[in-house]
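Following my numbering, the numbering of the sequence shown begins with 12 at its first residue and continues without gaps.
Where a beta carbon is used, it is the ideal one built from N, C-alpha and C, also for glycine.
As the structure is a computational prediction, the values presented were derived from the model and not from experiment.
Okay, structure first, notes after.
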Amino acid sequence: MFLTDGPFSEAKETVGGYGILEVANLDEALAIARTWPSDARLEVRPIIERM
């Protein structure tokens with residue numbers, strides 16, 4: 012028997028997510044990424060490039 016806090020997997024099993032930011036350029040995206048907690052692993056990828 013085991014106990015969990017709700018219908019979700021325990022944090023040791025699954026941790027992840029994504030965010031979509033609307034920024035003027037890659038430099039702005041990187042500046043925002045640098046404000047994330049220091050122990051987080053991030054990837055910054057462009058998904059739409061506007062002219």
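- A direct Cα-to-Cα measurement between G30 and R61 gives close to 19 Å.
- In the three-state scheme derived from DSSP, where H, G and I count as helix and E and B as strand, A51 is classed as coil.
- Distance from the CA of D50 to the CA of I43, rounded to the nearest whole angstrom, comes to 15 Å.
- Under the DSSP assignment, E39 falls in the alpha helix (DSSP H) whose first and last residues are L37 to A44.
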